[in-house]
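A.B. asks:
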Amino acid sequence: MAASPLDLIPTMARDLERLEWRLETSVQTQDPFLTEVAGHLIRAGGKRVRPGFVIASAAIFQAEPQLADEDVLTGGVAVELVHLGSLYHDDVMDEAQVRRNVASVNAKWGNLRAILAGDFLLARASELAASLGTEVAGLLAATIGRLCEGQVRELQDTGNPYRTETSYTDCIEGKTASLLATSCRIGGLVAGLDRPTVDTLTEFGRCYGLAFQVVDDILDIVATDEHLGKPSGNDLHEGIYTLPVIRALDTGCGPRLLDLLGGTLSDAGVRSALQLVRSSGGVEQALEVARGYVEQASAGLRSLHPTKAVAALQTATDHLIDRALFPLAKPC
Numbered sequence: 005m006a007a008s009p010l011d012l013i014p015t016m017a018r019d020l021e022r023l024e025w026r027l028e029t030s031v032q033t034q035d036p037f038l039t040e041v042a043g044h045l046i047r048a049g050g051k052r053v054r055p056g057f058v059i060a061s062a063a064i065f066q067a068e069p070q071l072a073d074e075d076v077l078t079g080g081v082a083v084e085l086v087h088l089g090s091l092y093h094d095d096v097m098d099e100a101q102v103r104r105n106v107a108s109v110n111a112k113w114g115n116l117r118a119i120l121a122g123d124f125l126l127a128r129a130s131e132l133a134a135s136l137g138t139e140v141a142g143l144l145a146a147t148i149g150r151l152c153e154g155q156v157r158e159l160q161d162t163g164n165p166y167r168t169e170t171s172y173t174d175c176i177e178g179k180t181a182s183l184l185a186t187s188c189r190i191g192g193l194v195a196g197l198d199r200p201t202v203d204t205l206t207e208f209g210r211c212y213g214l215a216f217q218v219v220d221d222i223l224d225i226v227a228t229d230e231h232l233g234k235p236s237g238n239d240l241h242e243g244i245y246t247l248p249v250i251r252a253l254d255t256g257c258g259p260r261l262l263d264l265l266g267g268t269l270s271d272a273g274v275r276s277a278l279q280l281v282r283s284s285g286g287v288e289q290a291l292e293v294a295r296g297y298v299e300q301a302s303a304g305l306r307s308l309h310p311t312k313a314v315a316a317l318q319t320a321t322d323h324l325i326d327r328a329l330f331p332l333a334k335p336c
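See below:
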């Protein structure tokens, strides 16, 4: 598994190793085929950001972090299964062929099996959340609903070059920020932290999630296929216009870019659109928005007593901007 900024917590690596085993066993069934399909993206690896946030949030007051207890790990497995289930469904809708540098589930086994396996992962997540009590179960169920709402908002704006920034923000609040906020909240709830601290952690996760998605959308414009583990420019190809594109449309490059948008782009069209967005200043503007969300997230952490877990969350937050830095493009 790739190194994580959360490894500043001395016990994090061991906790994530324990969590990895729990993830694998959580999708085992009496049907070997379902077990294989449900575990496909688990075996492909991942940063495990969301369960890492559960673990770090639970340890927020520990001067010397201890190995996470089983309930904390259960919460971590639950949020990661929700994340994975959403990826299965997203790849069906996007007709994606690659995820995490391996064939997507839909490409390997077809859409119907991918949808059913995604449903199975969400069901297992809900079962695990129920074992942690009614509040956690209700929270995770509501979060799954938020994910769906965010995805519907995105679908409604697919192919719409006049998508507003407000619509974009509402979308990423649901499809990304909600699960990261819930990850932090579950960690605090399971650890029995006081409500003001749980609320602070929840808001931190929300702001982190907003920054995370903006950075992810920037990377789709500027990064290579190998770095992303999936084709770059895929959002443009699918007619999904993210913040860098929305900002680029409001620059001198906007009219030329607008002529390209509004439908499914060819590979050549994607390359042309990427060049325009990169050279317009829209990426730099989106990066400033991400920095604003990072500052909001950091402000919440500064209200907490400085512990190793707080430092780890801050380092993870700072790392978001480092991921997005790139050489400035020439103006068009």
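According to my numbering, the stretch in the sequence shown is residues 5 to 336, in order. Cβ atoms here follow ideal geometry from the backbone N, Cα and C, with glycine treated the same way.
Roughly how many angstroms lie between the CA atoms of residue 307 and residue 212, to the nearest whole one?
C.D. replies: Sequence index remark: in the sequence shown, residue 307 carries index 303 (1-based). Sequence index remark: in the sequence shown, residue 212 carries index 208 (1-based). If you take the alpha carbons of residue 307 and residue 212, they lie about 16 Å apart.
A.B. asks: Three-state secondary structure (DSSP) at residue 210?
C.D. replies: Translated into the one-based positions of the sequence shown, residue 210 becomes position 206. Residue 210: helix per DSSP, three-state reduction.
A.B. asks: Report the partner residues of residue 106 according to the DSSP bridge assignment.
C.D. replies: If you number the sequence shown from 1, residue 106 lands on position 102. The partner list for residue 106 (beta bridge, DSSP) reads 103.
A.B. asks: Check residue 312 in the structure and name its three-state DSSP category.
C.D. replies: Start at 1 with the first residue of the sequence shown, and residue 312 comes out as number 308. If DSSP states are grouped into helix, strand and coil, residue 312 belongs with the helices.
A.B. asks: Here's the rule: buried if 16 or more other CB atoms are within 10 angstroms of the residue's CB, otherwise exposed. What is residue 154?
C.D. replies: One-based indexing of the sequence shown puts residue 154 at position 150. Result: buried.
A.B. asks: Which runs of the alpha helix (DSSP H), 4 residues or longer, sit entirely within the region 250–308?
C.D. replies: 258–264, 271–284 and 286–306
A.B. asks: Is it buried or exposed for residue 29, if we count other Cβ within 10 angstroms and need 16 for buried?
C.D. replies: Along the sequence shown, one-based indexing puts residue 29 at 25. Label assigned to residue 29: exposed.
A.B. asks: For residue 68, does the count of other Cβ atoms within 10 angstroms reach 16, so buried, or fall short, so exposed?
C.D. replies: For the purposes of this step, residue 68 is taken as residue 64 along the sequence shown, with counting starting at 1. Exposed: under 16 other Cβ atoms inside 10 Å.
A.B. asks: Can you say whether residue 187 is buried or exposed, counting buried as having 16 or more other CB atoms within 10 angstroms of its CB?
C.D. replies: For the purposes of this step, residue 187 is identified with residue 183 of the sequence shown, where counting begins at 1. Per the 10 Å Cβ criterion, buried.
A.B. asks: By the 10 Å Cβ neighbour count, where 16 or more other Cβ atoms means buried, how is residue 147 classified, buried or exposed?
C.D. replies: Stepping through the sequence shown from its first residue, residue 147 is reached at position 143. Buried.
A.B. asks: Could you give the distance in angstroms between the alpha-carbon of residue 310 and the alpha-carbon of residue 99?
C.D. replies: As a first step, residue 310 is located in the sequence shown; it is residue number 306 there, counting from the start. As a first step, residue 99 is located in the sequence shown; it is residue number 95 there, counting from the start. Going from the Cα of residue 310 to the Cα of residue 99 covers about 45 Å.
A.B. asks: In the DSSP assignment, find the unbroken alpha helix (DSSP H) run with residue 122 in it and report its ends.
C.D. replies: In the sequence shown, the residue the question calls residue 122 occupies position 118. 115–134 is the extent of the alpha helix (DSSP H) around residue 122.
A.B. asks: Taking 8 Å as the cut-off, does the region 128–141 touch the region 76–85 (at least 3 CB pairs, one atom from each stretch)?
C.D. replies: Per the Cβ contact rule, the region 76–85 is in contact with the region 128–141 (3 or more Cβ pairs under 8 Å).
A.B. asks: Taking residue 75 as the reference, which of 94, 9, 55 and 270 has the closest Cα?
C.D. replies: Residue numbering aside, residue 75 sits at position 71 when the sequence shown is read from its first letter. Residue nearest to residue 75 within the set 94, 9, 55 and 270 is 55 (criterion: CA-CA distance).
A.B. asks: So, are the CB atoms of residue 149 and residue 58 less than 8 Å apart?
C.D. replies: Reading the sequence shown from its first residue, position 145 is the one you call residue 149. Reading the sequence shown from its first residue, position 54 is the one you call residue 58. Against a cut-off of 8 Å, the Cβ pair of residue 58 and residue 149 comes out as no contact.
A.B. asks: Residue 10 and residue 312 look like a contact to me (Cβ under 8 Å); what is the Cβ gap, rounded to whole Å?
C.D. replies: Position 6 of the sequence shown, counted from the first residue, corresponds to residue 10. Position 308 of the sequence shown, counted from the first residue, corresponds to residue 312. Going by Cβ atoms, the distance from residue 10 to residue 312 rounds to 10 Å, so no, they are not a contact pair.
A.B. asks: Taking the straight line between their C-alpha atoms, what separation do you get for residue 280 and residue 316?
C.D. replies: The sequence position of residue 280 within the sequence shown is 276, counting from 1. The sequence position of residue 316 within the sequence shown is 312, counting from 1. Looking at the two C-alpha atoms, the distance is approximately 37 Å.
A.B. asks: Taking 8 Å as the cut-off, decide whether the C-beta atoms of residue 79 and residue 31 are in contact.
C.D. replies: Numbered from its first residue, the sequence shown carries residue 79 at position 75. Numbered from its first residue, the sequence shown carries residue 31 at position 27. No, the pair does not count as a contact, with Cβ atoms beyond the cut-off.
A.B. asks: DSSP three-state label for residue 155, please.
C.D. replies: Your numbering for residue 155 matches position 151 in the sequence shown. It is helical.
A.B. asks: So, helix, strand or coil for residue 20, using DSSP?
C.D. replies: Within the sequence shown, residue 20 is the residue found at index 16, counting from 1. Helix, per DSSP.
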